[in-house]
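Below is one structure; the comments refer to it alone.
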Amino acid sequence: MAVFISDKHNQYSCLLLTLSSLVLFLFNSKGVVVRATTFKFINKCDYTVWPGILGTPKMEATGFELSKGGSRSFQAPAGWSGRFWGRTGCDFDGSGQGSCSTADCGSGQVECNGAGATPPATLAEFTLGTGSQDFYDVSLVDGYNLPMIVEGSIEGSGTCTTTGCVADLNKSCPTELRTQGGGACQSACEAFGTPEYCCSGEYNSPTACKPSMYSVIFKNACPRSYSYAYDDASSTFTCTGADYTITFCPTSPSLKSASNSPPKGSESGSESESGSETEPVEAAALASSWLANLAIGGASAKTQPCFVLQYALVLAISLLLLLLNL
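My numbering applies: residue 156 is where the sequence shown begins, and numbers increase by one.
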């Protein structure tokens, strides 16, 4: 999603998160069973990856080590929203103190503790429904550091399209976007910081901000991933009642030999080539804009009042229901 967004979008994001928390709470208070979602992380890279997690409400871990060939699962409640990424080249001591070469969250620890990934970073972004559709995407808006795909389980209904980026963008990264050492590929926004690349200022709208030559390179390599801020129609996907698998280096054990082929569709549904997915995706585009506000830097001053509002509202309703039950 977009790195730079308007105050109006911030307000929409705040409202969405607040209403999501409220609906989840009311469902639970009336005895309605709300399904938890399982996220399974698999590392098929030829090296250790340290996944990072940022979202609300907070999951049981915000960062962990995932060895070559390893897997680990976590559960998230309905209404959860957040993002996942893989850190590479990390060096942590016995007490968990250290840092990573790419996608570091800046916490100085294995746990990210509410901090987001430092670009460039390949991101998997989710907002889970409360008995309704989940929205998810894999984003290169903050750049790229390793291959990643997201797959919904066969129990899910709807299109449940597999999405992600299996191409080796580090190998094909333009020189001007390449990080020192070649371990990651910056977005044009991160590299140049200008409004036309960042979709900010006078370019802060779908009509004004168009794909750049750099985002086209990303899109051609990874057709289902977000390549720039307003790439919603071909990059946001939906599924209902599914669990999800996030796989690092899905088609090859090595970043340097990752395939350039696009990810295949999930078993529970195939992606529409006629554009039938576009309408629900566009309808959800505004709703899914929370992702940018939620996790850019992990500590945006503009988003903090939103979280305060969320928890204040839920707390107030909790007290009210408690009094009514006395």
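Cβ coordinates follow ideal geometry from the N, Cα and C atoms, glycine included.
Exercise. How would you call Asn198, buried or exposed, if buried means at least 16 neighbouring beta carbons within 10 angstroms?
Worked result: buried
Problem set entry | Distance, Asn300 Cα to Gly263 Cα | 19 Å
Exercise. How about Thr318 and Val305: do their beta carbons lie closer than 7 Å?
Worked result: yes
For this session: Would you mind giving the Cβ-Cβ distance between Tyr399 and Thr192, rounded to the nearest angstrom? I have them listed as a contact below 8 Å.
Result: 7 Å
Exercise. Going by the CB atoms, is the gap between Gly241 and Val482 shorter than 7 Å?
Worked result: The requested residue 482 does not occur in the structure, where the chain is confined to residues 156 to 481.
Exercise. The alpha helix (DSSP H) with Met214 in it runs from where to where?
Worked result: Note, Met214: premise wrong, no alpha helix (DSSP H); not H, not E.
For this session: Can you give me the Cβ contacts of Lys411 inside the same chain, cut-off strictly under 6 Å, excluding the 5 residues immediately before and after it?
Result: The predicted position of Lys411 is uncertain, since its pLDDT is 37 and thus under 50; a value taken from the coordinates is nonetheless stated next. Here the set comprises nothing.
For this session: Determine the closest residue to Gly271 out of Asp387, Thr362, Gly207, with distance taken between C-alpha atoms.
Result: Gly207
Problem set entry | Ala376: first and last residue of the uninterrupted alpha helix (DSSP H) it sits in | 368 to 376
Problem set entry | Those runs of the beta strand (DSSP E) which lie wholly inside the region 319 to 403 and span at least 3 residues | 392 to 394, 399 to 403
Problem set entry | As assigned by DSSP and simplified to three states, the class of Val305 | strand
Problem set entry | Distance between Ser294 and Lys326 (C-alpha atoms, nearest Å) | 18 Å
For this session: Assuming Thr273 contacts Cys260 (C-beta within less than 8 Å), just tell me the rounded distance between them.
Result: 7 Å
Exercise. Looking at C-alpha atoms only, which residue of Arg227, Gly244, Ala233 is the closest neighbour of Ser287?
Worked result: Ala233
Exercise. Can you round the beta-carbon distance between Ser236 and Phe281 to whole angstroms, since I take them to be within the 8 Å contact cut?
Worked result: 7 Å
For this session: Give the secondary structure of Trp235 by DSSP, where H, G and I count as helix, E and B as strand, and everything else as coil.
Result: coil
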